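Trainee: Numbering-wise, the sequence shown is residues 51 to 317 according to my numbering. Built from N, CA and C at the ideal position, the CB exists for glycine as well. Just so it is clear, the structure is predicted and the values come from calculations on it, not from any experiment. Quick one: the structure is below, questions incoming.
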Amino acid sequence: PTDPNRAAIVSGSSYGHGTNDAGFHAHKLPQRSIWEQLTETNHTWLNYWDPAGGTGPDSGYFTWTYSTGNNDKIVHLDQFYTDAAAGKLPEFSYINPSCCGVGTTSMHPSGLISDGEALIKQVYEAVRNSPQWEETLFVLTFDETGGFFDHVLAPSAPRPDNQTYTESTPSGEPYTLTFDRLGGRIPTLLISPWISKGHVEQKGLNSDGQTVSYSASSLLRTLGYLWDFEPFNPRIEAAASFEHLITRTSPRQGSPTVLPSAAAFTA
51 PTDPNRAAIV SGSSYGHGTN DAGFHAHKLP QRSIWEQLTE TNHTWLNYWD PAGGTGPDSG
111 YFTWTYSTGN NDKIVHLDQF YTDAAAGKLP EFSYINPSCC GVGTTSMHPS GLISDGEALI
171 KQVYEAVRNS PQWEETLFVL TFDETGGFFD HVLAPSAPRP DNQTYTESTP SGEPYTLTFD
231 RLGGRIPTLL ISPWISKGHV EQKGLNSDGQ TVSYSASSLL RTLGYLWDFE PFNPRIEAAA
291 SFEHLITRTS PRQGSPTVLP SAAAFTA
């Protein structure tokens with residue numbers, strides 16, 4: 051589900067949560083997150099979000115964010131466009147689209163894909179035309195797949211912690227999830243003038259030199275290499291990093307400054 055998956059992206063774990071329960075928006079998650087790590091190491095960050103739809107920002111899941119007063123770094127998405135135009139984006143900008151339903155931009159059912167594509171266009175153009183374009187890696191990813199089936203079996207993965215989640219199956223039997231495998235595949239785009247054009251890759255190397263599937267934890271593994279911090283848990287430590295894709299010695303020219311408009315949805 052949305053909230054556990056998003057927590058995994060920014061902390062490497064959902065801390066045993068398997069549903070979108072009230073704990074997320076009551077700031078109940080105790081584990082270390084990217085927000086805490088960046089603050090302790092003096093890296094700047096903002097969590098830009100669109101409150102339409104009623105879901106909270108991802109940094110708000112964590113007890114640390116509010117207990118330390120860092121919730122002042124949660125700002126409206128409109129501020130992102132202002133900061134990008136002025137060349138004042140922080141070192142780590144994290145964007146939450148509006149979610150979920152008709153009129154929101156996350157592409158989550160029953161929202162329209164075209165509304166999400168319109169948001170992507172706006173964000174890309176803001177970054178591309180920012181004075182900070184040549185200092186930026188734009189990572190576009192999703193918190194879950196677009197359906198309930200994937201013909202590729204999800205590989206196993208180290209457990210991030212000792213937390214489990216148990217619920218009843220349709221037949222009434224208990225099922226316990228130990229968080230020892232990945233989920234369905236999701237698309238992720240890396241957009242930067244420092245990355246070669248049109249490269250496609252499904253697997254990468256982890257710190258043990260093993261070729262493994264990329265995962266939600268790959269972002270944290272990459273940031274750990276970039277900003278010199280240790281993995282928060284075994285899941286992140288075993289994740290493939292994508293820093294090796296930043297290969298160019300000079301910024302690539304010719305990236306479009308304007309994207310085509312999203313095709314409107316028609317029933």
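1) Using three-state DSSP, classify residue 217 as helix, strand or coil.
2) Determine the direct distance from the alpha carbon of residue 119 to that of residue 93, and round the result to whole angstroms.
3) For residue 253, count the other beta carbons within 10 Å of its own beta carbon; 16 or more makes it buried, fewer makes it exposed. Which is it?
4) Which of the three DSSP states is assigned to residue 205 in this structure?
5) Return helix, strand or coil for residue 85, following the three-state DSSP convention.
6) I'd like the list of long-range same chain contacts for residue 293, defined as Cβ closer than 6 Å, with 5 residues on each side in sequence excluded.
7) Can the beta-carbon of residue 263 be found closer than 8 Å to that of residue 232?
8) For residue 169, which residues of its own chain have a beta-carbon under 7 Å away from its beta-carbon, when the five flanking residues on both sides are left out?
9) Which residue comes first and which comes last in the beta strand (DSSP E) that contains residue 95?
10) Is the separation between the beta-carbon of residue 181 and that of residue 222 shorter than 8 Å?
11) Could you tell me the distance, in whole angstroms, from the CA atom of residue 243 to the CA atom of residue 52?
12) Which residues bound the alpha helix (DSSP H) around residue 188?
13) Residue 263 bridges to which residues according to DSSP?
14) Could you give the uninterrupted runs of the alpha helix (DSSP H) lying entirely in the segment 126-191, keeping only those of 4 residues or more?
Mentor: This is what the structure holds:
1) strand
2) The straight-line gap separating the alpha-carbon atoms of residue 93 and residue 119 is approximately 16 Å.
3) exposed
4) coil
5) helix
6) Once the five neighbours on either side are set aside, the close Cβ partners of residue 293 are 272, 275.
7) yes
8) Beyond the five residues adjoining it in sequence on each side, residue 169 comes within less than 7 Å, by CB distance, of 147, 155 in the same chain, given in chain order.
9) 95-99
10) no
11) Computed Cα separation, rounded: 31 Å.
12) That residue, residue 188, is in no alpha helix (DSSP H); its beta strand (DSSP E) goes 188-190.
13) 253
14) 127-136, 163-178
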